[in-house]
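Read the structure below first, then the notes.
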Amino acid sequence: MAPKWPQVNNGPEHINEHAAYLREACNQLQAVDRGRQNQVPWNIVHSFIASTIELADKVIQQPAMSEILHHIQDTAKCTQNIQRDVSVIKNSVGIGTAPLNSANFSGGRAAAATWAQVAARVNGPHPIPPPIPSNARSTETQPTITAYKDRAVTVKLKDRGISQRFRTLSTVMIKHKVEASIRENTDTKSVEVVAAHQLKSGDIQIFTSSTANATKLREHRGWISGLGEHAELIVPTYGVIVHGISTNSINIKDQKATIQHILADNHTVIPEAEISYIGWLTRESPLKRASSIVVEFKDPEMANAIIYTGMAWEGQIHICQLYDRACRIKQCFRCYNYGHIGAQCDQLRHAAIAPNYTRPRTAARKE
1 MAPKWPQVNN GPEHINEHAA YLREACNQLQ AVDRGRQNQV PWNIVHSFIA
51 STIELADKVI QQPAMSEILH HIQDTAKCTQ NIQRDVSVIK NSVGIGTAPL
101 NSANFSGGRA AAATWAQVAA RVNGPHPIPP PIPSNARSTE TQPTITAYKD
151 RAVTVKLKDR GISQRFRTLS TVMIKHKVEA SIRENTDTKS VEVVAAHQLK
201 SGDIQIFTSS TANATKLREH RGWISGLGEH AELIVPTYGV IVHGISTNSI
251 NIKDQKATIQ HILADNHTVI PEAEISYIGW LTRESPLKRA SSIVVEFKDP
301 EMANAIIYTG MAWEGQIHIC QLYDRACRIK QCFRCYNYGH IGAQCDQLRH
351 AAIAPNYTRP RTAARKE
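If you count by the UniProt record's numbering, then the sequence shown holds residues 1 to 367, one letter each, in order.
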C-alpha cells in the first residue's frame, strides 16, 4: 500500500506562521515509513520546494534590525517634538489644564466659532502652573508664552511724506525711533519693544514683550504723536456678516444714521455696543432684492451676542455669522501675485510684450 504523503501549498501570509506550517509538513514527511520501493513523488517535492522558496522571499524582504531601530528612534523623536509643540500651543491659548465639558466638547461635532470664543481662548485666564518641586528655587518662575498677534500694535501713518521717510530707514532704526517715542511718554516709559517694522501699506507694526505692554500702548496713546503728526492707532475690530438685508431698506453711505438705527433696534441684545463700520459684503448691486452686509464691532462680546441672537432690522431677525478677513483673497494687478494690492506693490509692472522686444519709433506727424 502506497504511503499517504503530506500535501503543502504556499503557506500562510505571515512569515512566522508560514515557517511553523512548513516545519510541521517536513516533520510529517519524515514520519512516513517509506522503504526503498517508496520514492517521494515529484509533485510532492515540487510543492515543498515552492513553499520553501516563498518563505525565503519573505525572509529576504524583512528589514534589518538596525534599520528597524533607526526608524523607531526617529519616530520617538518626532513624537517628542509633536508633544512639545502641542504643549506650547495649549499654553499659548490658555487651555493647557482646561477640563473637557459641554462648553468645549460637543460629542465630536465642532460648533461655529465666535469672536467671544476666540477672545476667551486668547485673553482668558492662563493655565495653572504645575507645582514647584521641593528642590527648586522659590524665585524661579515659568515664563508665559503668548501668541505674537496678541503683542502686536499697528500705527497708521497718514502723512505720505513721513511714510516714505520710514521706508528709507532700516528695521533697526525704525525700532530705535519707536522706542524713543514710547520712552518720551510717562505712561508708556516702562514698555519693552521686541521688534518693529514697516508694512507694505506704510503702517508701522510694533511687537511688545507681553500682552500687558501691548494693552498699555493701546490705552495710553500719547506716544503715537512721536511717529508722526497725523499718526493714529489702528484698533482691531470684530466683523459679523448679516444675511438677507433688503437693499432698499438700508443706506450704507450714511454710516452714522445706519449705525444708530442698528443700535436702537438691537439695544436689548447689545446695549453697550460700538460699531465702527458697515458695508456690503460684495459689490453693491441695485438689481438685488437682498444681500449681506458686514458690521464691524469694537467689542468681541457684542459681536458674539449678535451672532447668537441674530440682528433685528426692519422688524425681521436676520441670521449672523463670524466674518474672517483672511478668507478674502488679495491680488495685485501690477505683478499679479497674491497677498497684497497694487498700491502696496514695489515691483515693476509686467509688460505685455517680450522683454527683448523694442517698440519701433513712430514717425513724426507732418503738420
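Where is the CB? At the ideal position from N, CA and C, for every residue including glycine.
From residue i to residue j, what does the alpha carbon distance come to, in whole angstroms?
i: residue 103; j: residue 93; result: Its pLDDT being 46, under 50, residue 103 is placed unreliably by the model, and nothing is read from it.
i: residue 78; j: residue 272; result: 49 Å
i: residue 106; j: residue 162; result: Any reading at residue 106 is ruled out, since the residue's pLDDT is 45, under 50, leaving its predicted position unreliable.
i: residue 140; j: residue 90; result: Its pLDDT being 47, under 50, residue 140 is placed unreliably in this model, and the value from its coordinates should be taken loosely. About 22 Å.
i: residue 201; j: residue 70; result: 50 Å
i: residue 75; j: residue 326; result: 35 Å
i: residue 20; j: residue 82; result: 41 Å
i: residue 185; j: residue 284; result: 45 Å
i: residue 275; j: residue 322; result: 15 Å
i: residue 334; j: residue 328; result: 19 Å
i: residue 16; j: residue 62; result: 12 Å
i: residue 301; j: residue 263; result: 15 Å
i: residue 147; j: residue 248; result: 43 Å
i: residue 165; j: residue 174; result: 10 Å
i: residue 214; j: residue 152; result: 7 Å
i: residue 306; j: residue 281; result: 17 Å
i: residue 188; j: residue 176; result: 15 Å
i: residue 59; j: residue 28; result: 23 Å
i: residue 88; j: residue 49; result: 59 Å
i: residue 44; j: residue 14; result: 23 Å
i: residue 172; j: residue 340; result: 24 Å
i: residue 109; j: residue 68; result: Note that residue 109 scores 47 on pLDDT, short of 50, meaning its location in the model is unreliable; the coordinates nonetheless yield the value given after this. Each residue's alpha carbon lies about 39 Å from the other.
i: residue 54; j: residue 80; result: 39 Å
i: residue 64; j: residue 18; result: 19 Å
i: residue 317; j: residue 236; result: 27 Å
i: residue 332; j: residue 170; result: 25 Å
i: residue 304; j: residue 85; result: 30 Å
i: residue 180; j: residue 167; result: 18 Å
i: residue 41; j: residue 24; result: 19 Å
i: residue 261; j: residue 324; result: 24 Å
i: residue 199; j: residue 330; result: 15 Å
i: residue 299; j: residue 315; result: 25 Å
i: residue 26; j: residue 56; result: 16 Å
i: residue 221; j: residue 336; result: 38 Å
Do residue j and residue i come within 8 Å of each other at the CB atom, strictly closer than that value?
i: residue 178; j: residue 216; result: no
i: residue 203; j: residue 234; result: yes
i: residue 154; j: residue 205; result: yes
i: residue 156; j: residue 232; result: yes
i: residue 193; j: residue 182; result: yes
i: residue 238; j: residue 297; result: yes
Mind reading off the beta-carbon distance from residue i to residue j? Whole number of angstroms is fine, and I expect it under 8 Å.
i: residue 258; j: residue 241; result: With 8 Å as the limit, residue 258 and residue 241 do not qualify as a contact, their Cβ atoms being about 16 Å apart.
i: residue 159; j: residue 229; result: 6 Å
i: residue 319; j: residue 243; result: 5 Å
i: residue 51; j: residue 22; result: 5 Å
Is residue i near the ligand MG, in the sense that its beta carbon is under 7 Å from a heavy atom of that ligand?
i: residue 154; result: Among the ligands in the structure shown, none appear at all, so the ligand MG cannot be discussed.
Exercise for the section: Could you pull out every unbroken beta strand (DSSP E) segment of at least 3 residues lying fully inside the segment 262-313, listed in chain order? Expected result: Taken in chain order, the complete beta strand (DSSP E) segments of 3 residues or longer contained in the segment 262-313 are 275-280, 290-297, 311-313.
Problem - Three or more C-beta pairs below 8 Å linking the segment 258-272 and the segment 206-213 - result: In short, these stretches do not touch, since the Cβ pair count stays below three.
Handout entry: Three or more C-beta pairs below 8 Å linking the segment 217-231 and the segment 243-261
Key = Taking a cut-off of 8 Å for Cβ pairs, the segment 217-231 and the segment 243-261 do not touch, as fewer than three such pairs fall below it.
Exercise for the section: Examine the Cβ distances between the segment 290-298 and the segment 336-347 and report whether three or more of them are shorter than 8 Å. Expected result: Counting Cβ pairs under 8 Å, fewer than three are found: no touch.
Handout entry: Within the segment 196-224, ranges of the alpha helix (DSSP H) (whole runs, at least 4 residues)
Key = Qualifying alpha helix (DSSP H) stretches, in chain order: 211-219.
Problem - contact_flag[the segment 302-316, the segment 278-289] where n(CB pairs < 8 Å) is 3 or more - result: No, the segment 302-316 is not in contact with the segment 278-289.
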